[in-house]
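Here's the structure we're looking at; comments come further down.
2 protein chains.
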Amino acid sequence: MTRLQDFMKTYTPLIELELSRVFPEHWHVPDKLMESMRYSLLSGGKRLRPLMVLAAAQAVGGDPQRVLPIACAVELVHTYSLIHDDLPAMDNDDYRRGKLTNHKVFGEDIAILAGDGLLTHAFYTLVQAARQHGLPAEIALDIIEDLSSYAGAAGMVGGQAADMMAEQGATNLEELTYIHLHKTSDLLVFSLKAGARAAGAGKQQLEALERYGRSIGLAFQIQDDILDVIGDEAKLGKRPNSDHAQAKVTYPFYIGLEASREKVKELTEEGKKALEEGGLLDPSTLLELADYLLDREH
Amino acid sequence: MTRLQDFMKTYTPLIELELSRVFPEHWHVPDKLMESMRYSLLSGGKRLRPLMVLAAAQAVGGDPQRVLPIACAVELVHTYSLIHDDLPAMDNDDYRRGKLTNHKVFGEDIAILAGDGLLTHAFYTLVQAARQHGLPAEIALDIIEDLSSYAGAAGMVGGQAADMMAEQGATNLEELTYIHLHKTSDLLVFSLKAGARAAGAGKQQLEALERYGRSIGLAFQIQDDILDVIGDEAKLGKRPNSDHAQAKVTYPFYIGLEASREKVKELTEEGKKALEEGGLLDPSTLLELADYLLDREH
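Protein chains in written order, with this note's numbering: chain A, 102 to 399; chain B, 102 to 399.
Quick look at the structure:
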């Protein structure tokens, strides 16, 4: 078993457990709202972002278990963004990971509110990291500032807005890169920096993790684009870009499939190089993670 | 001029100024998203919640100007909640304060994202209160914890969810009170406690402000119910509850108009009493505010 597999096997169950009890038991929340939030939060998934929080803590010599509340905060934000992105006014998706999307089960009104509730609760969870897990208040504030920047209008929400606008009109490769960096890289960068900050990382380490997160986040999205195009080819029996009426704008659309594959490899190497030069004590899990993301088939 | 009028005249322009520059100038936010957020944030309104933040700071002997960032954070949250509440899947309103609602101008997708961005930015603004205005990190964390509780699934979002569900089925006075307390009182209580915490309030003072906020928040909503019913009577020429097909569930619906008016007075007196017994140094602005809310006509 590789180091990464071992890491996932150890920590994924702990992340699931922590997520299952992320809402205080004494809280009085309307049943349907609570069901809706838990439906999406506890519907599986790879827990990639929480694992990155833990691996970043490990990379700077910290204990992954101590940053579990921060890992939960990231997953709360990620889950809220999926619920809102799936709404009819956005991507209008009926299914996610083989299950009905939140609004198909609970209605649009509750789905919007479930997203709002999950986002708000991410900040509660970060405060609890300080209150119950001994994180110094100053560091907790740094992490809260990061989350509100990377997940906000200049970050993830801005990326999603740009994506919505791009689907309504012409766009270009620069715009697509902006969308990928903000929709995807920003929350990965937050995950890495937050885990590392909580474990006492210094400036050089944080910068290395930021470079790594930006690179592999962009690689991850281009890989998604590639898989989309290949999937469409297999399903539709036609080549990408050929008379593809509802073509999603993708990296292969602009630079072709082979150049996109090269770009993924190049970005992955850049990300790994940033880690290796970043003065990290133990980056091996994160290094393996970069290759794992590159090699995935879905 | 009364103390309250003087207070409003002094501080409302400062609140407007602070709101107008709440997003850092160097932030790269998609234009349409930024326009959408600013459209709703800077569309006037009484700025009641920001004024309560400032008045609560004054009540415990602090300087209202120093809590302006906290006042902005509350208004960001209030504005996001209005944008999301107005959406077609929620209250489906086309106008607010005589202007088109956010989604009518910018589309539902951008309106949802503008709400998400404003909510996220409230937390950024609270961190800035610590970073730039010398608020101790521990107190900033207390305030962030309060916001994430009072505005979240067990607070304002829970109240809105209960309201949505109540409109779809039978409800009762207890449920209506839950809705009013969470949809309205919770953010008022947060405003008061946050302003007071930042100005160094003690436990007894915070409890008094909480009791005051709960009471006048509920009074405010019942007054809204009364004005709704009276407005309908004037417009429709019929008495409340009489064959009113699309009757909104209101306090007068359950206990009648006169008893509702009595309840508003009673709650206002309770709120004022809490202030007078709360060991506050200078509660006069807040005392006047309670009467001001009671007497309003719209």
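Beta carbons: idealized from backbone N, C-alpha and C, even for Gly.
B:Val-228 lies in the alpha helix (DSSP H); which residues open and close that run? Numbered from 1 along the second sequence, position 127 holds the residue referred to as residue 228 of chain B. Here the alpha helix (DSSP H) through B:Val-228 covers 209-234.
Rounded to whole angstroms, what is the Cα-Cα separation between A:Gln-106 and A:Gln-322? Position 5 of the first sequence, counted from the first residue, corresponds to residue 106 of chain A. Position 221 of the first sequence, counted from the first residue, corresponds to residue 322 of chain A. One C-alpha to the other measures close to 22 Å.
What in chain B is Cβ-close to A:Phe-291, meaning under 7 Å? As a working note, residue 291 of chain A is residue 190 in the first sequence. Those within 7 Å of A:Phe-291 in chain B number zero; the least Cβ separation is about 12 Å.
Proximity of B:Glu-246 and A:Arg-232 at Cβ, strictly below 9 Å: Against the second sequence, residue 246 of chain B aligns to sequence position 145. Against the first sequence, residue 232 of chain A aligns to sequence position 131. Yes. Within cutoff.
Can you find at least 3 beta carbon pairs, one from the stretch 129-136 of chain B and one from the stretch 166-173 of chain B, that sit closer than 8 Å? no
Taking B:Lys-147 as part of the alpha helix (DSSP H), name the residues at either end of that continuous run. Here residue 147 of chain B is taken as the residue at index 46 of the second sequence, counted from 1. From DSSP, B:Lys-147 is part of no alpha helix (DSSP H); its letter is neither H nor E.
Integer Cβ distance of B:Leu-376 from B:Gly-318, believed to fall under 8 Å: Against the second sequence, residue 376 of chain B aligns to sequence position 275. Against the second sequence, residue 318 of chain B aligns to sequence position 217. Their Cβ separation, rounded to whole angstroms, is 14 Å, which puts B:Leu-376 and B:Gly-318 out of contact at 8 Å.
Hey, out of A:Ala-299, A:Arg-362, A:Ala-295 and A:Gly-208, whose CA is closest to A:Arg-150's CA? The residue given as residue 150 of chain A occupies position 49 in the first sequence. The shortest C-alpha separation from A:Arg-150 is found at A:Ala-295.
Runs of beta strand (DSSP E) wholly within the stretch 235-267 of chain B (minimum 3 residues, chain order): none
Helix, strand or coil for B:Arg-122, going by three-state DSSP, please let me know. By one-based count along the second sequence, residue 122 of chain B stands at place 21. If DSSP states are grouped into helix, strand and coil, B:Arg-122 belongs with coil.
Cβ pair B:Asp-383, B:Val-154 closer than 9 Å: Locating residue 383 of chain B in the second sequence gives position 282, where the first residue counts as 1. Locating residue 154 of chain B in the second sequence gives position 53, where the first residue counts as 1. It is not a contact, given that the beta carbons lie outside the stated cut-off.
Which chain A residues sit within Cβ distance under 9 Å of B:Ser-47? A query on residue 47 of chain B cannot be resolved here, the shown segment of chain B reaching from 102 to 399 and no further.
Buried or exposed: which applies to A:Lys-373, given that a residue is buried once 16 or more other Cβ atoms fall within 10 Å of its Cβ? As a first step, residue 373 of chain A is located in the first sequence; it is residue number 272 there, counting from the start. Buried.
Any C-beta of chain A sitting closer than 9 Å to the C-beta of B:Val-74? Past the edges of chain B, shown from 102 to 399, lies residue 74 of chain B, and the structure says nothing about it.
Using 9 Å as the limit for Cβ to Cβ distance, is B:Leu-428 near chain A? Shown here, chain B extends from 102 to 399; a query on residue 428 of chain B therefore has no answer.
Selection from B:Gly-218, B:Gly-303 and B:Glu-176 that minimises the alpha carbon distance to B:Gly-380: Here residue 380 of chain B refers to the residue found at position 279 when the second sequence is read from its first residue. The residue with the shortest Cα to Cα distance from B:Gly-380 is B:Gly-303.
Nearest-angstrom Cα separation, counted from B:Leu-293 out to A:His-397: Position 296 of the first sequence holds residue 397 of chain A. Position 192 of the second sequence holds residue 293 of chain B. The residue asked about is misnamed: residue 397 of chain A is Arg in this sequence, not His. Whole-angstrom Cα-Cα distance: 51 Å.
Could you spell out the range, first to last residue, of the alpha helix (DSSP H) harbouring B:Gly-296? Counted from its first residue, the second sequence places residue 296 of chain B at position 195. Here the alpha helix (DSSP H) through B:Gly-296 covers 287-299.
Straight-line CA distance for A:Glu-308 to B:Arg-198? As a working mapping, residue 308 of chain A is identified with position 207 in the first sequence. As a working mapping, residue 198 of chain B is identified with position 97 in the second sequence. Computed Cα separation, rounded: 46 Å.
Quick check on the DSSP output: the alpha helix (DSSP H) that includes B:Pro-353 runs from which residue to which? Position 252 of the second sequence, counted from the first residue, corresponds to residue 353 of chain B. Residues 352-356.
Do you know whose CA, among B:Arg-139, B:Gly-256, B:Asp-194 and B:Asp-186, lies nearest B:Leu-289's CA? Here the question's residue 289 of chain B lines up with position 188 in the second sequence. The option with the nearest alpha carbon to B:Leu-289 is B:Gly-256.
Assigned secondary structure, A:Leu-201 (DSSP; H/G/I helix, E/B strand, else coil): Reading the first sequence from its first residue, position 100 is the one you call residue 201 of chain A. Strand.
From the DSSP secondary-structure annotation, give me the bridge partner or partners of B:Tyr-196. Here residue 196 of chain B is taken as the residue at index 95 of the second sequence, counted from 1. According to DSSP, B:Tyr-196 bridges with B:Leu-201.
Count the other CB atoms within 10 Å of the CB of A:Ala-425; is the residue buried (16 or more) or exposed (fewer)? As displayed, chain A neither begins before 102 nor continues past 399, which places residue 425 of chain A out of reach and without an answer.
Can you have a look at A:Gln-313 and say buried or exposed, based on whether 16 or more other CB atoms are within 10 angstroms of its CB? Indexing the first sequence from 1 puts residue 313 of chain A at position 212. Residue 313 of chain A is actually Tyr in this sequence, not Gln. The residue is buried, with at least 16 neighbouring Cβ atoms inside 10 Å.
Residue range of the alpha helix (DSSP H) that A:Met-138 falls in? Indexing the first sequence from 1 puts residue 138 of chain A at position 37. From DSSP, the alpha helix (DSSP H) with A:Met-138 extends over 132-142.
Cβ-Cβ distance between B:Thr-113 and B:Arg-148 below 9 Å: As a working note, residue 113 of chain B is residue 12 in the second sequence. As a working note, residue 148 of chain B is residue 47 in the second sequence. Yes, the Cβ-Cβ distance between B:Thr-113 and B:Arg-148 is below 9 Å.
For B:Val-178, the first and last residue of its enclosing alpha helix (DSSP H): Position 77 of the second sequence holds residue 178 of chain B. That run of the alpha helix (DSSP H) goes 169-187.
Inter-residue Cα distance where the pair is B:Tyr-279 and B:Asn-273: The residue labelled residue 279 of chain B in the question sits at position 178 within the second sequence. The residue labelled residue 273 of chain B in the question sits at position 172 within the second sequence. Going from the Cα of B:Tyr-279 to the Cα of B:Asn-273 covers about 10 Å.
Does the Cβ-Cβ distance between B:Leu-242 and B:Gln-324 come in under 9 Å? In the second sequence, counting from the first residue as 1, residue 242 of chain B sits at position 141. In the second sequence, counting from the first residue as 1, residue 324 of chain B sits at position 223. In this structure, B:Gln-324 does not lie closer than 9 Å to B:Leu-242 by Cβ.
Does the separation of the CB atoms of A:Leu-358 and A:Ala-157 fall below 9 Å? Counted from its first residue, the first sequence places residue 358 of chain A at position 257. Counted from its first residue, the first sequence places residue 157 of chain A at position 56. For A:Leu-358 and A:Ala-157, no; Cβs fall outside 9 Å.
Are the Cβ atoms of A:His-234 and A:Met-138 separated by less than 9 Å? The sequence position of residue 234 of chain A within the first sequence is 133, counting from 1. The sequence position of residue 138 of chain A within the first sequence is 37, counting from 1. For A:His-234 and A:Met-138, no; Cβs fall outside 9 Å.
Between B:Ala-230, B:Ile-331, B:Ser-249 and B:Gly-301, which lies nearest to B:Phe-291 when the distance is taken from Cα to Cα? Start at 1 with the first residue of the second sequence, and residue 291 of chain B comes out as number 190. Checked all of B:Ala-230, B:Ile-331, B:Ser-249 and B:Gly-301; the closest Cα to B:Phe-291 is B:Ser-249.
Measuring alpha carbon to alpha carbon, tell me which of A:Val-330, A:Glu-119 and A:Gly-260 ends up nearest A:Ser-182. For the purposes of this step, residue 182 of chain A is taken as residue 81 along the first sequence, with counting starting at 1. The residue with the shortest Cα to Cα distance from A:Ser-182 is A:Gly-260.
Per-residue contacts from A:Val-258 into chain B (C-beta, under 8 Å): Start at 1 with the first residue of the first sequence, and residue 258 of chain A comes out as number 157. Those are Leu-134, Leu-214, Asp-217, Gly-218 and Thr-221, listed as they occur along chain B.
A:Met-138 at chain B interface by Cβ criterion, 9 Å: Taking the first sequence and counting its residues from 1, one reaches residue 138 of chain A at position 37. Closer than 9 Å to some Cβ of chain B, the Cβ of A:Met-138 qualifies, so yes.
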